[in-house]
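The next block holds one structure in the form of structure tokens; read it before the comments.
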Amino acid sequence: MTTTHPSGRTAIVTGGAGGIGRGIVRRLAADGFTVVLADLDETAVHEAAAEIGGRVEPHLLDVTDPASRRSVVARADALGGADLLVNCAGVLRDARVRRLEPALFRRLTEINLIGPLALARLVGPGMGARGGGAIVNLASRAWLGTFGSTAYSTAKGGLVGATRSLALELGPRGITVNAVAPGFVDTPMTDGLPPEVRRRTLDAIPVGRAGRPEDVADAVAFLADAGYVTGQVLVACGGRSIGDPYLARAS
Amino acid sequence: MSAPTVEAVVRGHGAATRLVTDALAVARPTSPSAVVVPAVPDLRPLDELTDERLATDVGDTLDAVLADVRAVLDGAVHRLVFVLPAAPLMATAGGAAASAVTGGVLSMARTLAIELAREQVAVNVVAVDPRATTVAALAGQLGVLLGEGGEAITGQEIYLTAGTDLGRIRP
Numbered sequence: 001m002t003t004t005h006p007s008g009r010t011a012i013v014t015g016g017a018g019g020i021g022r023g024i025v026r027r028l029a030a031d032g033f034t035v036v037l038a039d040l041d042e043t044a045v046h047e048a049a050a051e052i053g054g055r056v057e058p059h060l061l062d063v064t065d066p067a068s069r070r071s072v073v074a075r076a077d078a079l080g081g082a083d084l085l086v087n088c089a090g091v092l093r094d095a096r097v098r099r100l101e102p103a104l105f106r107r108l109t110e111i112n113l114i115g116p117l118a119l120a121r122l123v124g125p126g127m128g129a130r131g132g133g134a135i136v137n138l139a140s141r142a143w144l145g146t147f148g149s150t151a152y153s154t155a156k157g158g159l160v161g162a163t164r165s166l167a168l169e170l171g172p173r174g175i176t177v178n179a180v181a182p183g184f185v186d187t188p189m190t191d192g193l194p195p196e197v198r199r200r201t202l203d204a205i206p207v208g209r210a211g212r213p214e215d216v217a218d219a220v221a222f223l224a225d226a227g228y229v230t231g232q233v234l235v236a237c238g239g240r241s242i243g244d245p246y247l248a249r250a251s
Numbered sequence: 001m002s003a004p005t006v007e008a009v010v011r012g013h014g015a016a017t018r019l020v021t022d023a024l025a026v027a028r029p030t031s032p033s034a035v036v037v038p039a040v041p042d043l044r045p046l047d048e049l050t051d052e053r054l055a056t057d058v059g060d061t062l063d064a065v066l067a068d069v070r071a072v073l074d075g076a077v078h079r080l081v082f083v084l085p086a087a088p089l090m091a092t093a094g095g096a097a098a099s100a101v102t103g104g105v106l107s108m109a110r111t112l113a114i115e116l117a118r119e120q121v122a123v124n125v126v127a128v129d130p131r132a133t134t135v136a137a138l139a140g141q142l143g144v145l146l147g148e149g150g151e152a153i154t155g156q157e158i159y160l161t162a163g164t165d166l167g168r169i170r171p
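Residue numbers (UniProt numbering), protein chains in the order written: chain A, 1 to 251; chain B, 1 to 171.
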């Protein structure tokens with residue numbers, strides 16, 4: 001279900017052309033936001049914006065590039081300034097700790113952790129000056145620990161940690177900062193899983209299905225307007241984190 | 001008869017390094033062990049977290065933690081403990097970078113605990129607070145984690161904070 005809000009609010013969604021990001025953009029656009037759909041993939045950015053329609057502004061963004069980060073915030077400023085930042089851009093490529101290349105570890109830190117922090121710094125002053133706003137960071141269930149996921153879980157755990165401290169720091173400026181931690185979500189990123197792994201994963205999800213991008217979008221949309229909720233992690237995993245995640249102990 | 005004491009390896013340059021060294025002199029580990037003490041960045045308002053500072057305070061610090069972990073795993077450790085400052089781990093205003101590091105290490109420890117269980121390596125986090133954590137308190141805890149029976153404790157975070165974190169949601 002979507003909600004109609006007063007017009008004029010602007011959101012930045014990084015990674016907005018990806019599976020989860022596109023679902024978030026679609027939801028926020030339906031909720032009345034003008035959305036800067038920011039992503040690294042030029043073709044996908046324009047294709048996603050055209051597919052969703054409405055007040056969606058495509059914008060190329062490399063979250064690891066300071067100039068590119070400033071550019072996307074400037075684009076939102078031209079639209080009146082970001083009222084909502086959704087840090088959704090992320091990369092899941094990893095290895096067990098003994099095989100993990102330091103360069104890959106650093107790359108995931110830059111994309112999944114440093115990029116979101118830098119964007120929060122860029123939008124914070126404007127949000128505060130306009131009386132407040134919301135930052136929603138896409139963490140992951142991997143924050144709780146996941147086999148073979150040292151770099152990804154470290155970055156996402158770092159994002160959860162930063163979310164909590166940012167909530168304390170930015171609360172007095174009227175800015176809420178929260179995280180959403182999705183579990184297994186059907187996206188192009190998870191399409192390549194071996195069938196057996198997919199089956200075992202689904203078996204470990206109490207609600208009996210994989211997540212959908214709109215499930216994550218629901219959580220983001222809630223936090224976008226939940227002015228009395230801050231510093232929290234909303235785990236959207238179909239209950240997998242309450243039961244036995246199974247894959248965590250896969251041999 | 002109790003197991004013989006072995007020397008634990010200490011890696012990292014965090015503020016609690018001296019506390020850890022002093023505690024290990026008392027703790028008497030009985031399993032091959034390593035304690036990593038990350039150098040968590042100082043508190044700094046978000047507005048001052050420049051791109052360069054994020055790269056060093058967060059990126060370089062986490063790189064160093066990974067290097068320390070890889071180094072100790074090249075040895076034959078059976079117990080790995082990260083010692084972190086409790087304040088940024090729990091959250092503190094002006095601590096975005098510090099909390100990014102401590103939160104990252106906490107999740108790294110959880111993942112390592114899952115990953116290394118098959119190798120009989122136990123991995124845990126101990127959170128310390130300079131106002132509340134004495135050498136004796138840390139020595140007692142490390143004695144449990146690095147001693148006989150410590151293999152049953154893995155993937156945990158233990159707060160040696162004398163209750164100063166009560167009433168708060170932990171990460």
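No residue lacks a Cβ here, since even glycine has one placed at the ideal position from N, Cα and C.
Please check if any C-beta of chain B sits within less than 8 Å of the C-beta of residue 248 (chain A). With a pLDDT of only 47 at residue 248 (chain A), under 50, the local geometry of the prediction cannot be trusted, and no value is derived from it.
Taking the CB atoms as reference points, tell me whether residue 155 (chain A) and residue 112 (chain A) lie closer together than 8 Å. Yes.
Can you list, in chain order, the residues of its chain with a C-beta nearer than 6 Å to that of residue 105 (chain A)? Leave out the 5 residues immediately preceding and following it. Apart from the 5 residues on each side of it in sequence, residue 105 (chain A) sits with its Cβ closer than 6 Å to the Cβ of 151 in its chain, given in chain order.
Are the CB atoms of residue 148 (chain A) and residue 115 (chain B) within a distance shorter than 8 Å? In this structure, residue 115 (chain B) lies near residue 148 (chain A), with their beta-carbon atoms less than 8 Å apart.
Does residue 196 (chain A) come within less than 8 Å of chain B when only Cβ atoms are used? No, its Cβ sits nowhere closer than 8 Å to a Cβ of chain B.
List, in order along the chain, the chain A residues whose C-beta lies closer than 8 Å to that of residue 12 (chain B)? By Cβ distance, chain A contributes nothing, its closest Cβ being about 15 Å from residue 12 (chain B), past 8 Å.
Identified DSSP bridge partners for residue 179 (chain A): In the DSSP secondary-structure assignment, residue 179 (chain A) is bridged to A:137 and A:233.
Near residue 13 (chain B), what residues of its chain come up, given a Cβ to Cβ distance below 6 Å and the 5 sequence neighbours on each side ignored? The residues are 39.
Segment contact, 8 Å Cβ cut-off, at least three pairs: the stretch 97–106 of chain B with the stretch 128–145 of chain B: Contact between the stretch 97–106 of chain B and the stretch 128–145 of chain B is absent, because fewer than three Cβ pairs lie under 8 Å.
Please identify the residue among B:48, B:100, B:25 and B:118 whose C-alpha is closest to the C-alpha of residue 84 (chain B). Cα-wise, what sits closest to residue 84 (chain B) is B:100.
Residue 169 (chain A) touches chain B at which residues, Cβ-Cβ below 9 Å? Correct list: 45, 46, 92, 93, 94, 95 and 96.
Going by DSSP, name the residue or residues bridged to residue 79 (chain B). Bridge partners of residue 79 (chain B): B:33 and B:122.
Select from B:61, B:161 and B:80 the residue whose C-alpha is nearest the C-alpha of residue 119 (chain B). Between residue 119 (chain B) and the set B:61, B:161 and B:80, the nearest pair of CA atoms involves B:80.
Would you kindly work out how many angstroms separate the C-alpha atoms of residue 164 (chain A) and residue 173 (chain A), rounded to a whole number? Going from the Cα of residue 164 (chain A) to the Cα of residue 173 (chain A) covers about 15 Å.
In the DSSP assignment, what are the bridge partners of residue 87 (chain A)? Beta-bridge pairing links residue 87 (chain A) to A:137.
Please tell me whether residue 165 (chain B) and residue 90 (chain B) are closer than 8 Å, where the distance is taken between their beta carbons. It is a contact, given that the beta carbons lie within the stated cut-off.
Can you tell me which of the three DSSP states residue 48 (chain B) falls into? Reduced to three states, the DSSP call for residue 48 (chain B) is helix.
Please classify residue 47 (chain B) as buried or exposed, where buried requires at least 16 neighbouring CB atoms within 10 angstroms. Label assigned to residue 47 (chain B): exposed.
Would you kindly check if the distance between the Cβ of residue 67 (chain B) and the Cβ of residue 35 (chain B) is under 8 Å? The answer is no: Cβ separation not under 8 Å.
Quick one: which residues of the stretch 101–126 of chain B get their C-beta closer than 9 Å to a C-beta of chain A? List them in chain order. Under the 9 Å Cβ criterion, the stretch 101–126 of chain B contributes 101, 102, 103, 104, 105, 106, 107, 108, 109, 110, 111, 112, 113, 114, 115, 116, 117 and 118.
What first and last residue would you give for the alpha helix (DSSP H) that runs through residue 77 (chain A)? Following the DSSP letters along the chain, one finds residue 77 (chain A) inside the alpha helix (DSSP H) bounded by residues 66–78.
Using beta carbons (cut-off 8 Å, strictly below), is residue 6 (chain A) in contact with chain B? Residue placement at residue 6 (chain A) is flagged as unreliable, the pLDDT there being 48, under the threshold of 50; a coordinate-derived value is accordingly withheld.
Quick check on the DSSP output: the alpha helix (DSSP H) that includes residue 46 (chain A) runs from which residue to which? Run containing residue 46 (chain A): 42–52, per the alpha helix (DSSP H) assignment.
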